[in-house]
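In what follows, a structure is listed as structure tokens, so that the remarks can point back to it.
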Amino acid sequence: MDKKVNEKPSRRQFITSVAAGTTFLISNEKTRATAAAESHAAVEPQPKQFIADSQTHIFWRREGHATTSERGWWFLNQLDAFYKGAAGPQGSVKDLTKARFLDLVLRQSETSVALLNCLALKGFYGGKHMLTPEEAVEVRSMAPERVIVLGSVDPAEGKPALDDLERQVKDFKITGIKLYPGDYNHRGWYADDEKVAYPLWEKCRKLGVRYIGIHKGLPFSIFNAKYCHPEDVDRALDDFPELNFVLYHSAYPYLDELTMMAFRLTGRKSNLYVDLGGLFAIMMNAPHELGHTMGKLLKYLGPDHIVWGTDSPITGSPQPFIDFFRKYRIPDELIERYGYPQITDEDKRKILGENMARLFNINIEQKMKAVSQDIVSRSRELKV
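The opening position of the sequence shown corresponds to residue 1143 in this note's numbering, with each subsequent residue numbered one higher.
Structural data, given as structure tokens:
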């Protein structure tokens, strides 16, 4: 047998090959999150568990952001500050590239499948998506079994947004979208707006786009607080039962509004889901806040309607969050006082991957077999 076939790719070979000629440098300075993940991998074999991350990003386009507006740079500068919290003072939002995504999100974690979120923030980034569907699909081509691209449009654009969604579905085989309803130059929108949002929901229904991810909660920078509350989704849940609305960041800190929406849906098949993106980065050192958050989500939405997300790579490698969640328990005093259910291993399996597999019709056994020998899996075994 040819020796080269079984040869493990080096870290540099891995990124060079999947980047198809993209040139970049790999820093020798590891982030704190990366160091933790690599240390864990060095002493324990990685479990063969299906893990799907609903919220991953590339924030730096291939051509950069030369035509970015002042507000667009404000957003990028805030992301830069967040990333420095994970990567240290040398970290930069300019590092959050295609190469960094492939290495940090996929190679340096147990993540089986990553949903790469496009960002339709055209008003701030020279009339183009902050991350274009074209570039996202290019990344998908480098790890086709592992990357699901979430398309994106701005419903406030009207018909051009509907046409763009149809193009993304036709040309790029998009089956899910990620939307940002913040105030884009005074054009924020609500999910129950019959003139702005409903035409998009109708289009999604017609095109078979069933996964509707929406940024809710975490109001900062260009995301105005009034558009980050979740209650505008309430009516859309009833009017479009075929669509699954996934509220990102679990709409934190507006959790009580969210859980009352979920409580209202008791007795019928719910199409309301939440993701956990960014929450562990915020709350890992705040056990009572995290306990209340997870307790309310489990009590009112249930473990079948929570999907895993990390907001990587802005929060560093996903691996420390995966490790933390596997061992996580809601504090006993909160369970006794507030009646929360304790999270179980079965709950964790559902949240880490089984729920997402259901939403995207992924056969877990087949998927794990497909990714077991791809270049990402082979490169994970390499000691750098």
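Every residue gets a Cβ at the ideal spot worked out from N, C-alpha and C, and that includes glycine.
Every value quoted in this text rests on a predicted model; they were computed, and no experiment measured them.
Taking 8 Å as the threshold (C-beta atoms), are G1233 and K1226 in contact?
Start at 1 with the first residue of the sequence shown, and residue 1226 comes out as number 84. Start at 1 with the first residue of the sequence shown, and residue 1233 comes out as number 91. Yes, the pair counts as a contact, with Cβ atoms nearer than the cut-off.
Are the stretch 1201-1218 and the stretch 1463-1473 touching, with three or more C-beta to C-beta distances below 8 Å?
With a cut-off of 8 Å, the stretch 1463-1473 and the stretch 1201-1218 do not count as touching, because too few Cβ pairs lie within range.
A1179 to P1462 span [Cα, whole Å]
By one-based count along the sequence shown, residue 1179 stands at place 37. By one-based count along the sequence shown, residue 1462 stands at place 320. Note that A1179 scores 41 on pLDDT, short of 50, meaning its location in the model is unreliable; the coordinates nonetheless yield the value given after this. Answer to the nearest angstrom: the Cα atoms are 6 Å apart.
M1402: buried (16+ other C-beta within 10 angstroms of its C-beta) or exposed?
Taking the sequence shown and counting its residues from 1, one reaches residue 1402 at position 260. Exposed: under 16 other Cβ atoms inside 10 Å.
Using DSSP with H/G/I as helix, E/B as strand and the rest coil, what is F1201?
Reading the sequence shown from its first residue, position 59 is the one you call residue 1201. Coil at F1201, not helix or strand.
Mark H1430 as exposed unless 16 or more other C-beta atoms lie within 10 angstroms of its C-beta, in which case mark it buried.
Sequence index remark: in the sequence shown, residue 1430 carries index 288 (1-based). With fewer than 16 other Cβ atoms from the protein chains shown falling within 10 Å of its own Cβ, H1430 counts as exposed.
Express the C-alpha separation of E1478 and D1084 in angstroms, rounding to a whole number.
Outside the shown range of the chain (1143 to 1526) lies residue 1084, about which nothing can therefore be said.
Hey, out of V1311, I1456, P1445, Y1322, whose CA is closest to G1495's CA?
Reading the sequence shown from its first residue, position 353 is the one you call residue 1495. Considering only alpha carbons, the answer is P1445.
Going by the CB atoms, is the gap between V1279 and F1224 shorter than 8 Å?
Reading the sequence shown from its first residue, position 82 is the one you call residue 1224. Reading the sequence shown from its first residue, position 137 is the one you call residue 1279. No; because the gap between Cβ atoms is not below 8 Å, this pair is not in contact.
Bridge partners of A1228, per DSSP?
Position 86 of the sequence shown, counted from the first residue, corresponds to residue 1228. In the DSSP output, where bridge partners are listed per residue, A1228 has none listed.
Under three-state DSSP, which class holds Y1353?
For the purposes of this step, residue 1353 is taken as residue 211 along the sequence shown, with counting starting at 1. Y1353: strand per DSSP, three-state reduction.
DSSP-derived helix/strand/coil call for A1256:
Here residue 1256 corresponds to residue number 114 of the sequence shown, with the count starting at 1. Assigned with DSSP and collapsed to three states, A1256 falls in strand.
Tell me, which residues are paired with N1386 by DSSP?
Within the sequence shown, the letter at position 244 stands for residue 1386. Answer by DSSP bridge pairing, in chain order: Y1353.
Who are the Cβ neighbours of A1298 in its own chain at under 7 Å, not counting the five residues just before and after it?
For the purposes of this step, residue 1298 is identified with residue 156 of the sequence shown, where counting begins at 1. Around A1298: Y1326, R1329, W1331, V1338.
Would you call K1264 buried or exposed, if buried means 16 or more other Cβ atoms sit within 10 Å of its Cβ?
For the purposes of this step, residue 1264 is identified with residue 122 of the sequence shown, where counting begins at 1. Counting the other CB atoms within 10 Å of its CB gives K1264 a total of 16 or more, which places it among the buried residues.
Rank D1417, A1285, T1253 by C-alpha distance to the C-alpha of L1443 and give the top, closest one.
For the purposes of this step, residue 1443 is taken as the residue at position 301 of the sequence shown. Taking only the C-alpha atoms, the option nearest L1443 is D1417.
Between which two residues does the beta strand (DSSP E) holding K1320 run?
Here residue 1320 refers to the residue found at position 178 of the sequence shown. Here the beta strand (DSSP E) through K1320 covers 1318-1321.
Per DSSP, what are the beta-bridge partners of I1448 in this structure?
Counting from one through the sequence shown, the residue named residue 1448 turns up at place 306. Note: I1448 sits in a beta bridge opposite V1416.
From P1361 to I1504, what distance separates their C-alpha atoms?
On the sequence shown, position 219 is the one that residue 1361 refers to. On the sequence shown, position 362 is the one that residue 1504 refers to. Taking the straight line from one Cα to the other gives about 32 Å.
Beta-ladder partner(s) of V1279, from DSSP:
Here the question's residue 1279 lines up with position 137 in the sequence shown. Under DSSP, V1279 shares a beta bridge with no residue.
Mapping the DSSP letters down to three states, classify I1493 as helix, strand or coil.
Against the sequence shown, residue 1493 aligns to sequence position 351. Reduced to three states, the DSSP call for I1493 is helix.
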